[in-house]
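Line order of the protein sequences matches chains A and B. Position in the first sequence counted from 1, then plus 319, gives you my numbering. Position in the second sequence counted from 1, then plus 2, gives you my numbering.
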Amino acid sequence: MIVKSHFSVSALCLGFMLITILLLSEVIHYMTFYSNLITGLAVTKLCDVYLTNLQYAIGRRALLALDELLIKMKRGDIDLGHLKDSLLEKLKLEDLIETLSEDQVNVHISILDVELRRSSGGYYVTNHILGFPSRIPSGALELVIKLVIGVSCSNNYAGVKRVIRLVISHPIRFFDLLEIKKSIVSMNSTIQIIKWDEGNITEFVLSVVKRELLACLDESSSLKCSLTLEFLRENTSTFLCIVKIHNVEIIDELQDSFLKAKGMEVNGYIVLIFSCELERDSYIPFHETLTFHLFLKKN
Amino acid sequence: MNSALYDSIIALILSSLLLIITLLVNPVILFEDSLAKLKKVEELEEGIKDLFEQGYFGKLANSLNSRRSPEEFKAHLKEIFERLSSRGVVGLRVLVHGKTVYTYGSTERAWTLKIIIPSSRDMYVLEIFIRGDSYDS
């Protein structure tokens, strides 16, 4: 009876002790859990800063790369597919990842899609963030990059991963210039029969060429080119004036930002042939090649 | 019976002692400290994000890109520092290829946060020095 009583009381006390220890361990466990949670939250906030920075760095790099490519490709036939491929090649992001890894940050970037399209113009928030002109005219080149960025801390489980869609625009009126270029190229090898009554034939031909080229331009673009004029006798009553237009460069006057791509060039040369009646007393500089440099702008 | 009573009294005393020790640790103070640190990080995050949104880093990148006016670049850096100084930032340092270009404020006894600034020529790194201990270490 004594043994039973002694055992039951001691067991009660021991149980009480055990429960207290268990409760304490629970308290410590929750304290650690919440402490880790708070640390995790703080690390997530820092990772969010890195993610914002990566968004900025990738966007800025992409537009600078696009600017460089537009300068390189301005002479050739610009194909959007080719431009996109070259842009993807230029968008090397390893150095960004490497720089941040020095800060004990793990970065994972994967580009899901890159799209180049015509901009309808307006205000671009991302351009403002990146330090590029934010008011973009319609007909400009819009770049849409869809990517996944994951940032986590090397010493902690916390991090952020987000799908990001960057919409940036290069201020050059790419599509408008492309249309101007097409209309200039379509002038190639055209034969025009002109009526010339009196005055200097060279000046007359020049004025016709200027008029034709100006008709291709819009109010916000200008054109630089070189011309060579050659006069050939077609028969006894008519002669031909062969006009070769070289180094045609169409410039976007609205693109006044620090970005370097401001224009587009036409490959090779454009030939215009003028057929004209030969007047008796008129002076035609046969066998001479005359060269001129033009700068044309509407208004 | 006396021995049993004695045992149980000792057990009760020990349990009470453990509870008193736990209460003395004051978990609230422990969390208060962590929460204060979290608040500081939150403020810093807001401050830096705000600077991004308002285009400060874009302007800084442009001034680094043009290299025409070092004064303009210094003025941008000063503006960034002034906006972040109330959030625990003690200094800024601009690096290119690991070499220091310019330092503003203090760089001692602080942890850093790197901001990458790409320009057409190089990739600059802006180190933000923040007072206190790093959270990720």
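Cβ atoms here follow ideal geometry from the backbone N, Cα and C, with glycine treated the same way.
The Cβ-Cβ distance between K465 of chain A and R481 of chain A does not fall below 9 Å. Residue range 493 to 504 is occupied by the alpha helix (DSSP H) that includes V504 of chain A.
N64 of chain B is classed as buried because its beta carbon has at least 16 other beta carbons within 10 Å across all chains shown. Note that the C-beta distance between I448 of chain A and E55 of chain B is below 9 Å. Of A:N566, A:V368, A:L496, the smallest CA-CA separation from Y588 of chain A is found for A:N566. Closest in C-alpha terms to S121 of chain B, from the list A:I416, A:L389, A:I570, A:A384, comes A:A384. Secondary structure at F611 of chain A: strand, using DSSP grouped into helix, strand and coil. C595 of chain A has its alpha-carbon roughly 52 Å from the corresponding atom of F451 of chain A. Annotation for Y106 of chain B: K76, L79, K80, F83, G93, L94, R95 place their beta carbon closer than 8 Å to its own, counting only its chain and skipping 5 residues before and after.
With fewer than 16 other Cβ atoms from the protein chains shown falling within 10 Å of its own Cβ, F577 of chain A counts as exposed. Nearest CB-CB separation between S87 of chain B and chain A: not below the 9 Å threshold. In the DSSP assignment, K76 of chain B falls outside any beta strand (DSSP E) and lies within the alpha helix (DSSP H) extending over 72 to 86. Excluding five sequence positions before and after K543 of chain A, the CB atoms of its chain that fall closer than 6 Å to its own CB belong to E568, F614, given in chain order. For M392 of chain A, the nearest beta carbon of chain B is not closer than 9 Å to its own beta carbon. Taking the C-beta atoms as reference points, I455 of chain A is found no nearer than 9 Å to A381 of chain A.
In this structure, the straight-line span from the alpha carbon of F558 of chain A to that of L551 of chain A is close to 6 Å. If you look at F558 of chain A, you'll find it in the beta strand (DSSP E) that goes 557 to 571. The continuous stretches of beta strand (DSSP E) do not include K579 of chain A, and DSSP gives it neither H nor E. Contact check for I564 of chain A against L536 of chain A fails: the beta carbons are separated by 9 Å or more.
In chain order, M125 make up the part of chain B whose C-beta sits under 7 Å from the C-beta of D414 of chain A. Any Cβ of chain B closer than 9 Å to the Cβ of Y353 of chain A would place that residue at the interface, and such an atom is present. Collapsing the DSSP output to three states places A330 of chain A in a helix. The closest CA to that of G469 of chain A, considering only A:F593, A:V433, A:L356, A:V426, is found on A:V426. Residue contact check for T114 of chain B against chain A: a CB pair falls below 9 Å. Interface annotation, L46 of chain B: in contact with chain A, CB-CB separation under 9 Å. Using a C-beta cut-off of 8 Å, the region 506 to 522 of chain A makes no contact with the region 393 to 400 of chain A, since fewer than three inter-stretch Cβ pairs fall below that distance. A Cβ-Cβ contact shorter than 9 Å links E461 of chain A with L435 of chain A.
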